[in-house]
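Residue numbers (the UniProt record's numbering): 1 to 320.
This is the structure:
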C-alpha cells in the first residue's frame with residue numbers, strides 16, 4: 001500500500017515515472033514521420049527478369065506521404081505505433097533512470113549538488129544506449145514489420161491484419177529467438193555512441209541557452225524544447241547510416257533474407273544504390289528527431305517538476 005508514495009518520494013522513482021511520460025509523448029508526436037523514414041530506407045523491389053529499364057528514383061518524403069494518404073489513408077501513418085507505445089514507457093523510464101545513476105556515479109564531483117561533468121554525461125549516455133538495446137531491438141523489429149506490412153512487405157496473407165503481439169508471435173514461430181533479436185548488434189552499434197552524443201548535446205545546449213540551469217534548474221519550456229530537439233538531431237546525424245542498415249536487416253524475414261549481416265547489407269546497399277543510400281530519409285529523420293526529442297525532454301522535465309512539487313506538498317501535509 002505504501003510502495004507508490006515511497007517510490008515517488010525517491011529521486012530514482014521520480015526519474016523513472018518522468019522518463020516514461022517523456023517516452024510516450026515522443027511516440028505520439030513522431031510516429032507518422034517515423035513511418036515515412038522506415039519506408040524511405042527500404043531497398044527498391046527487385047527487377048523482374050527481362051526488364052532492362054533503369055530503376056526509378058526513390059520517392060521524396062512529400063511524394064511518399066501523398067501516396068500513403070491517397071492509397072492507405074491517414075491510419076497507415078500510425079501503423080505499428082502500439083508496439084513502441086506499449087513498451088516505451090518502461091523502456092524510456094529505464095533509460096532516464098540508468099542515465100541518471102551512471103552520470104552521478106561516473107562524476108568526480110565531491111558535492112552531490114554539483115551537476116555531472118560533460119565527460120560523465122557522455123560516458124553515461126554510451127552505457128545507457130548499450131543497455132537499452134536489449135529492450136529496444138525486439139520492439140523496433142516488430143514496429144518495422146508492421147510499418148512495412150501495408151507497403152507490400154507482407155508477412156501474412158493479404159488482408160490478415162494483426163497487432164504487435166501477433167506479429168511478435170509470428171516472428172518467434174517462424175524464426176525463433178534469434179529472429180526476435182535480429183539486428184541486435186547493429187542496434188547496439190547505433191545506440192551506444194548516439195546516446196552519448198544525445199545526452200551531451202542536451203546538457204550543453206540547455207546550459208548555453210539558460211546559463212546556470214544545470215545547477216539550479218528554472219529553464220523555460222522553450223529551452224527544453226530546443227535543447228531536446230537539438231539533442232535528437234545530433235544523435236541521428238551521427239548514427240544514421242547504421243540506422244539504414246538496421247532497418248533493412250530487421251525488415252527481412254529469415255527464409256528469404258536478402259542480406260547476410262551488417263557488413264553484407266552495407267556493401268550491397270552501397271554497390272546497388274550508391275553511397276547516398278546511407279543517408280536516404282535523413283531529412284525526415286531529422287525533422288522527426290527535433291519534434292520527438294523536444295517533446296520527450298519537455299515532458300520529462302515538466303513531469304519531474306510536477307512529481308517533485310507534489311511530493312513536497314504531500315510531505316508537508318503529513319508533517320502537519
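Heads up, the beta-carbon is just placed ideally off N, CA and C, and yes, glycines get one too.
Only a predicted model underlies this, so the values are computations on that prediction, with no experimental measurement involved.
Excluding five sequence positions before and after residue 85, the CB atoms of its chain that fall closer than 7 Å to its own CB belong to 24, 27, given in chain order.
Comparing C-alpha distances from residue 132 to each of 272, 97, 225, 252 shows the shortest one belongs to 97. The C-beta separation of residue 21 from residue 300 comes to about 7 Å, placing the pair in contact by the 8 Å criterion.
Contact between the region 261-280 and the region 288-308 is not established, with fewer than three Cβ pairs separated by less than 8 Å. In the DSSP annotation of this structure, the continuous segment of the alpha helix (DSSP H) that includes residue 11 starts and ends at 11-41. Pairing residue 58 with residue 280 gives a Cβ-Cβ distance under 8 Å. When the alpha-carbon of residue 13 is set against those of 239, 277, 90, the nearest one is in 90. The Cβ-Cβ distance between residue 284 and residue 69 does not fall below 8 Å. In this structure, DSSP gives residue 75 a helical state, which the three-state scheme calls helix. Here residue 88 has 23, 24, 27 as same chain residues with Cβ atoms under 7 Å from its own Cβ, once five neighbours each way along the sequence are excluded. By a beta-carbon distance limit of 8 Å, residue 193 contacts residue 238. Their separation comes to about 7 Å. Closest in C-alpha terms to residue 167, from the list 143, 40, 221, comes 143. Looking only at 30, 195, 42, the smallest Cα-Cα distance to residue 259 is reached by 42. The continuous stretches of alpha helix (DSSP H) do not include residue 211, and DSSP gives it neither H nor E. Nearest to residue 207 by C-alpha distance, out of 188, 74, 228, 191, is 228.
In the DSSP assignment, residue 240 falls within the alpha helix (DSSP H) that extends over 221-251. Under the DSSP assignment, residue 268 falls in the alpha helix (DSSP H) whose first and last residues are 262-273.
When only Cα atoms are considered, residue 295 and residue 92 end up about 13 Å apart.
Rounded to whole angstroms, the gap between the alpha carbons of residue 191 and residue 73 is 32 Å.
Of all C-beta pairs linking the region 208-222 to the region 168-178, fewer than three are shorter than 8 Å, placing the two stretches out of contact.
DSSP places residue 138 inside the alpha helix (DSSP H), whose first and last residues are 118-149. For the pair residue 78 and residue 200, the CB atoms are not nearer than the 8 Å cut-off. Closest by C-alpha distance to residue 81, out of 198, 139, 302, is 139. Shown here for residue 195: same chain residues with a beta carbon closer than 6 Å to its own, the five before and five after excluded, namely 125, 128, 129 in chain order.
The criterion of a C-beta distance shorter than 8 Å is not satisfied by residue 123 and residue 134. Between the C-alpha atoms of residue 114 and residue 278 there is a straight-line separation of about 41 Å. The alpha-carbon separation between residue 61 and residue 264 amounts to approximately 27 Å. Nearest to residue 181 by C-alpha distance, out of 252, 147, 215, 235, is 252.
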